[in-house]
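Worksheet: one structure, shown below.
There are 2 protein chains.
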Amino acid sequence: MSVQTVLLDFSVEAGRAEDEPGQKALLSGVEPLLRKHLPGLSAAARVQMPHAGGALLLLLADRGASVSVRVFPQGLITVNIEYYKADGDKPLLDFESARALEAVLRKQLNCSKGQAYPPIKRTLFGRYFPSADERLLEYDIDSVIHESTSPFQKIQIVHSKSLGNMLVLDELQNIAEADLIYTETLMQRGKENFEGAEIIILGGGDGALLYELLKEKPKFVWMLEIDEDVMTACNKYMKSICGDVLERRKCDEYEIVVDDCMVTLNKFLSQGKKVDYVFGDLTDVPISDTPSGEIWDFIMLILETSFKVLKPSGKFMTHANGASCPEALKMYEQQLMKLDPPVEFVKSSAFIPSFLEDWIFYQISFKTEKNGTA
Amino acid sequence: MSVQTVLLDFSVEAGRAEDEPGQKALLSGVEPLLRKHLPGLSAAARVQMPHAGGALLLLLADRGASVSVRVFPQGLITVNIEYYKADGDKPLLDFESARALEAVLRKQLNCSKGQAYPPIKRTLFGRYFPSADERLLEYDIDSVIHESTSPFQKIQIVHSKSLGNMLVLDELQNIAEADLIYTETLMQRGKENFEGAEIIILGGGDGALLYELLKEKPKFVWMLEIDEDVMTACNKYMKSICGDVLERRKCDEYEIVVDDCMVTLNKFLSQGKKVDYVFGDLTDVPISDTPSGEIWDFIMLILETSFKVLKPSGKFMTHANGASCPEALKMYEQQLMKLDPPVEFVKSSAFIPSFLEDWIFYQISFKTEKNGTA
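Those protein sequences? They're chains C and E, same order as listed. Counting in the numbering used here, the first sequence runs from 1 upward without gaps. Counting in the numbering used here, the second sequence runs from 1001 upward without gaps.
Okay, structure coming up:
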């Protein structure tokens, strides 16, 4: 079941829409054209908007459809058609019909431009997710496999026709079965040598990074994940990306510590224990106006502490954010430049299937003096 | 300038929304919560919908915002907030605020679920395109480079931050500067040997296929494109994918015939001229209930005629449709099986950046008898 919202846009010369008579004339022109496509159409309310908002016509039609038509004085006309569609019901207006209706309206109203959108299916099970730069992306989700709320976040596993099962945390796409490239770019497979290495993973509750790292024969991996429920869900429904690594909490090759990662980092610190790699598989680099606030403080604390438990040759490896957010990435790099002792970094990017965009990853190490003068 | 439409969805137990008093109670609950986020909010109309459509509340707010709240008897509540935003204006509700408003409404109304969408920016310059399976995808388009209408179609070249310039035909994404993989999969670079080959391209007005094929040293290429205007636009704004091949209509290596491709195909046919490859770079395989109608007739005519001008070892190479449309692909394959003489095919797929999805390509050849009994 879903509510379907069909959106159509038009533009006319601003002169035709700038005053009340013009707005009324346009609304009067739209109504009979809509009636041909929407049986039972009748006007329910006509509102002259305050604040130079133009005019709005509210109509009702068969099948419980409501239609709002707004004429904006700047020359834009929007049509929103909304109705309830039960599973199996034929749509009142599918994308093809919406395009046809758009073409008729555009022609008859003598609009300079028009656009029809694929109908929005408001199903409340997460078909729509944002890109890093907050674009709206509709996914081919056909079912919700799992849904729970942990003390830390809302956890969903949904099924996408093209991506397989996908982990969704607090309404944001996190990792899908199709995302091996995410893990391989994060770990720089083929470029880094993990054989015999000691490694800490901060976060990583989906198990994919641990699973892939273990294939590279490290000496030992500590995975520090706070959310037991994420691991339980992934162990059940994301086996193709995490294998059986989430089945046990401790073995000869790794230990999963279910706690705030700072607890173990501080323990390592007090013991003077150092490792070869720390992976930051926690929150994305935030998108904010200034590098301040709780999340940035957390990111800096994690970075500072991680470099204290890294060997001089060690590396901090992390994902950051979408390539579409250069400001956020620049802010992160500026923060990196504030670390003491100083660090240097290399960036990699990869198109991540479940993000539908390029994602940036950092490999950060202690700064080395150039020209052999170290 | 754009109209911004902010959508929020909620669900409550159906019992709370099934009758008029329940619907009214929910609407009355929403109104004061919205008022905190939308200054100047006041009710303009309240409608009890016919056809068991539930109830609708239309509100107006500052900045010319209109807000419609619908309670559907099935337990869904939709909120649509719409206003005009001039370039440079601060949004009334950005995605973060919309998410915050959603969280407040969900909690206060005791909803089982809620969802906020990234605001829809109705700019009328093509930020939104459909996937093959008609999902709504918002692109990072920041400008329109070219716009014209030819006798055959509406032609736009828009600029995407991540994809470079992108050709849009009749409101559908066609090819972008980032799409070398499209052309390479269509031509099966590295798998097919075009050296010394005679090749016909049907369509291909963007010039990318011709440009890439010429790098493989074919004997001669005939490109049969009906729309001069597409070539003019691509020659100007898509140079990185077509080089200078669209600069001239005829040279030692190729000829571009600006006409219905059937004219040249029929000429070849009457002359008994045969070639090694025919590329179908025309329309997508249609998505329809039955393989009938004008487009299917055209596709079959093209296929039949192409195989008449192909050498016995020749191949017909074409793109088809999204991997998300298996029914359309199956229908196409069933049509292929009807061809006489019989053909066989191989499929390839590739993720096409500007389509944001996997696309299917066919390589079709005359059927060969197995076991050497030919």
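C-beta: ideal position from N, C-alpha, C; glycine also.
Measure the alpha-carbon distance for residue i versus residue j and round it to whole angstroms.
i: LEU210/C; j: TYR182/C; result: 13 Å
i: ILE1141/E; j: VAL1230/E; result: 20 Å
i: GLU1344/E; j: GLN1173/E; result: 30 Å
i: SER1365/E; j: GLU13/C; result: 53 Å
i: GLY1372/E; j: SER1292/E; result: The predicted position of GLY1372/E is uncertain, since its pLDDT is 46 and thus under 50; a value taken from the coordinates is nonetheless stated next. Computed Cα separation, rounded: 37 Å.
i: VAL223/C; j: ILE299/C; result: According to the sequence shown, residue 223/C is Met rather than Val. Their backbone Cα atoms lie some 18 Å apart in a straight line.
i: ALA1374/E; j: LYS1367/E; result: Any reading at ALA1374/E is ruled out, since the residue's pLDDT is 40, under 50, leaving its predicted position unreliable.
i: GLU1082/E; j: LEU76/C; result: 12 Å
i: GLY243/C; j: CYS251/C; result: 15 Å
i: GLN363/C; j: ILE256/C; result: 23 Å
i: ALA17/C; j: VAL3/C; result: 31 Å
i: PRO1073/E; j: ASP1062/E; result: 30 Å
i: ARG248/C; j: PRO218/C; result: 18 Å
i: LEU1246/E; j: ASP133/C; result: 35 Å
i: GLY54/C; j: LYS1085/E; result: 13 Å
i: SER1068/E; j: ASN1080/E; result: 5 Å
i: SER112/C; j: SER1150/E; result: 15 Å
i: LEU1033/E; j: VAL1047/E; result: 20 Å
Given that residue i touches chain C, what residues does it touch there, using C-beta distances under 8 Å?
i: ASP1358/E; result: SER162
i: ALA1014/E; result: Residues of chain C passing the Cβ test: none, with the nearest at roughly 10 Å.
i: GLN1115/E; result: ARG122, LEU124, GLY126, TYR128, GLU171
i: LEU1038/E; result: Simply none; closest approach about 12 Å.
Please name the residue in the options whose C-alpha comes closest to that of residue i.
i: ALA1178/E; options: LYS1161/E, GLN1188/E, GLY1190/E; result: LYS1161/E
i: THR428/C; options: ASP252/C, VAL258/C, CYS251/C, TRP222/C; result: Given a span of 1 to 374 for chain C in the structure shown, any question on residue 428/C remains unanswerable.
i: THR264/C; options: VAL285/C, ILE201/C, SER240/C, MET337/C; result: ILE201/C
i: THR1318/E; options: GLY1204/E, PHE1351/E, LEU1034/E; result: GLY1204/E
i: GLU195/C; options: ILE175/C, MET238/C, GLU253/C, ASP244/C; result: GLU253/C
i: SER354/C; options: MET166/C, PRO39/C, THR5/C; result: MET166/C
i: GLU1020/E; options: HIS1051/E, GLY1314/E, GLU1184/E; result: HIS1051/E
i: THR1078/E; options: ILE120/C, GLY280/C, GLN156/C, GLN74/C; result: ILE120/C
i: ASN1193/E; options: GLY1207/E, LEU1213/E, ASP1206/E; result: LEU1213/E
i: GLU184/C; options: ILE352/C, PRO341/C, TYR237/C, GLU96/C; result: ILE352/C
i: MET1238/E; options: VAL1047/E, LEU1303/E, LYS1219/E, VAL1168/E; result: VAL1168/E
i: SER1314/E; options: ALA1197/E, PRO1130/E, ARG1122/E, GLU1369/E; result: Reading the sequence as shown, one finds Gly at residue 1314/E and not Ser. If we check each option's Cα against that of GLY1314/E, ALA1197/E comes out closest.
i: LEU1163/E; options: PRO1218/E, SER1240/E, ASP1297/E, ASN1110/E; result: SER1240/E
i: THR1283/E; options: LEU1269/E, ASP1170/E, LYS1219/E; result: ASP1170/E
i: MET262/C; options: ARG249/C, VAL278/C, ARG248/C, GLU247/C; result: VAL278/C
i: ASP1297/E; options: GLN1153/E, LEU1336/E, TYR1084/E; result: LEU1336/E
i: SER1349/E; options: MET1049/E, LEU1329/E, VAL1069/E; result: LEU1329/E
i: ASP126/C; options: GLY54/C, SER28/C, LYS154/C, GLU294/C; result: According to the sequence shown, residue 126/C is Gly rather than Asp. Of the listed residues, the one whose Cα sits closest to GLY126/C is LYS154/C.
i: GLU1304/E; options: LEU1339/E, TYR1332/E, GLY1064/E; result: LEU1339/E
i: SER1288/E; options: GLU96/C, ARG35/C, ALA176/C; result: GLU96/C
i: MET1001/E; options: ILE1295/E, ASP1260/E, PHE1316/E, LEU1124/E; result: LEU1124/E
Give the residues of chain C in contact with residue i, contact being defined as C-beta atoms less than 7 Å apart.
i: ARG1063/E; result: HIS51
i: GLU1182/E; result: Note on identity: in this sequence residue 1182/E is Tyr, with Glu being the wrong assignment. What TYR1182/E touches in chain C: nothing, since even the nearest Cβ is about 14 Å away.
i: LEU1137/E; result: LEU137, GLU138
Using a C-beta to C-beta distance shorter than 9 Å, which residues of chain C count as neighbours of residue i?
i: VAL1047/E; result: ALA44, ALA45, LEU58, LEU60, SER66
i: ASN1080/E; result: THR5, SER68, ASN80, GLU82
Kindly list, in the order they appear in chain E, the residues whose Cβ is closer than 7 Å to that of residue i.
i: ASP133/C; result: ASP1140
i: PRO118/C; result: PRO1130, GLU1134, ARG1135, LEU1136
i: GLU11/C; result: The amino acid occupying residue 11/C in the given sequence is Ser; Glu does not appear at that position. Correct list: LEU1124.
Which chain E residues are close to residue i, counting only those with a beta carbon under 9 Å from its beta carbon?
i: GLN74/C; result: MET1001, VAL1003, TYR1084, ALA1086
i: SER324/C; result: ASP1140, LYS1161, SER1162
Can you name the residues of chain E whose CB is closer than 8 Å to the CB of residue i?
i: PHE95/C; result: PRO1130, GLU1134
For residue i and chain A, any beta-carbon pair shorter than 9 Å?
i: GLY1293/E; result: The chain inventory of the structure shown lacks chain A, comprising the protein chains C and E.
For the 8 Å Cβ check, are there 3 or more pairs between the segment 1097-1111 of chain E and the segment 57-76 of chain C? no
With three or more C-beta pairs closer than 8 Å as the rule, is the segment 1312-1325 of chain E touching the segment 1352-1362 of chain E? yes
When you compare the segment 1305-1316 of chain E with the segment 1266-1283 of chain E, are there three or more beta-carbon pairs, one atom per stretch, that lie closer than 8 Å? yes
Using 8 Å as the Cβ pair cut-off and three pairs as the minimum, do the segment 1001-1016 of chain E and the segment 1115-1122 of chain E touch? yes
Any chance the segment 1183-1190 of chain E sits against the segment 1220-1230 of chain E, with 3 or more Cβ pairs inside 8 Å? no
At which residue ranges does the segment 124-190 of chain C contain complete alpha helix (DSSP H) runs of 4 or more residues, listed in the order of the chain? 180-187
Report the start-end ranges of each beta strand (DSSP E) in the segment 1029-1053 of chain E that is 3 residues or longer and not cut off at the edges. 1042-1048
Is there contact here, the segment 21-29 of chain C with the segment 137-152 of chain C, by at least three beta-carbon pairs under 8 Å? no
Tell me the start and end of each unbroken beta strand (DSSP E) in the segment 1274-1357 of chain E that is at least 3 residues and wholly inside, in chain order. 1275-1281, 1310-1322, 1343-1352
Cβ contact check for the segment 1034-1046 of chain E and the segment 84-92 of chain C: 3 or more pairs under 8 Å: no
Which runs of the alpha helix (DSSP H), 4 residues or longer, sit entirely within the segment 1063-1115 of chain E? 1095-1108
Considering only residues of the segment 1190-1270 of chain E, which uninterrupted alpha helix (DSSP H) runs meet the minimum length of 4 residues and lie entirely inside it, listed in chain order? 1208-1214, 1228-1237, 1239-1242
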